[in-house]
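Here's the structure we're looking at; comments come further down.
In our numbering, the protein residues as written are 299 to 516.
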């Protein structure tokens, strides 16, 4: 299973449709998309600057910005299904491609910081660990020099907290927004090598609420 973080910088770029189409159709049963915040998150920053409310409130609003961007994804590619963490496994087993909708309460339990040191990149890394994903794909508008996490951090490609939440077992790949076809080809090859979709396996240490949600999703 692959976690694919699609950055907010693609929000007004024509290649966004390609990424969503490949994820939904080639990645059925194997892809979980993490939306960035895009212009919706930019509005949160402006509102915080104007009204001076604290970072926790801004963080919660930024999560809702991710929800809005995720709804844009569904509007552009109706085959995608939105889901909370506990619903992902069931949807993948049904052969769907999923757009993840993060929840503040779940991230609080995981002790993910509620401030601007954490962006959707770090949340994607956390989710990849939670689901025991094979790969974490970061789709960016910037060209990255390789996939070394420290280099990505130093160059500002990922946020300051990213390294703290990137699991060692997850393979990290970065794609430029113009590389949607290369992504699709790798996804096809991965599916052929496995012979069948790779399903999510939720961390055994999840809390009771998430376990109940997972049971309902199945």
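Every residue, glycine too, gets a C-beta built ideally from N, C-alpha and C.
Residues of its chain near residue i, where Cβ-Cβ distance is below 6 Å and the 5 sequence neighbours each way are ignored
| i | result |
| --- | --- |
| residue 329 | 300, 302, 321, 395 |
| residue 495 | Its pLDDT being 47, under 50, residue 495 is placed unreliably by the model, and the measurement read from it follows with that caveat. Closer than 6 Å at Cβ, skipping near neighbours: 327, 328. |
| residue 359 | 342 |
| residue 308 | 314, 475 |
Contact set for residue i: own chain, Cβ-Cβ below 7 Å, skip 5 residues either direction
| i | result |
| --- | --- |
| residue 316 | 478 |
| residue 353 | 412, 413, 414 |
| residue 441 | 474 |
| residue 365 | 399 |
| residue 408 | 424 |
| residue 346 | 356 |
| residue 380 | 368, 372, 397, 399 |
| residue 470 | 434, 445, 447, 464 |
Residue-level contact to chain C via CB, residue i, 8 Å cutoff
| i | result |
| --- | --- |
| residue 358 | The chain labelled as chain C is not found in the depicted structure, where only one protein chain is given. |
Per-residue DSSP class, three states only, for residue i
| i | result |
| --- | --- |
| residue 304 | strand |
| residue 455 | coil |
| residue 351 | coil |
| residue 495 | With a pLDDT of only 47 at residue 495, under 50, the local geometry of the prediction cannot be trusted, and no value is derived from it. |
| residue 437 | strand |
| residue 400 | coil |
| residue 312 | coil |
| residue 470 | strand |
| residue 447 | helix |
| residue 381 | strand |
| residue 342 | helix |
| residue 329 | strand |
| residue 408 | coil |
| residue 431 | coil |
Residue i, buried or exposed, once every other Cβ within 10 Å from all chains shown has been counted against 16
| i | result |
| --- | --- |
| residue 452 | exposed |
| residue 446 | exposed |
| residue 403 | exposed |
| residue 385 | buried |
| residue 344 | exposed |
| residue 481 | buried |
| residue 444 | exposed |
| residue 393 | exposed |
| residue 387 | buried |
| residue 351 | exposed |
| residue 427 | buried |
Cβ-based neighbour list, residue i, same chain, cut-off 8 Å, excluding 5 preceding and 5 following
| i | result |
| --- | --- |
| residue 374 | 314, 315, 318 |
| residue 423 | 434, 460, 463, 464, 465, 468 |
| residue 448 | 461 |
| residue 458 | 415, 451 |
Integer Cβ distance of residue i from residue j, believed to fall under 8 Å
| i | j | result |
| --- | --- | --- |
| residue 335 | residue 418 | 6 Å |
| residue 333 | residue 367 | 4 Å |
Beta-carbon proximity check, residue i vs residue j, cutoff 8 Å
| i | j | result |
| --- | --- | --- |
| residue 324 | residue 429 | no |
| residue 437 | residue 305 | yes |
| residue 378 | residue 397 | yes |
| residue 363 | residue 338 | yes |
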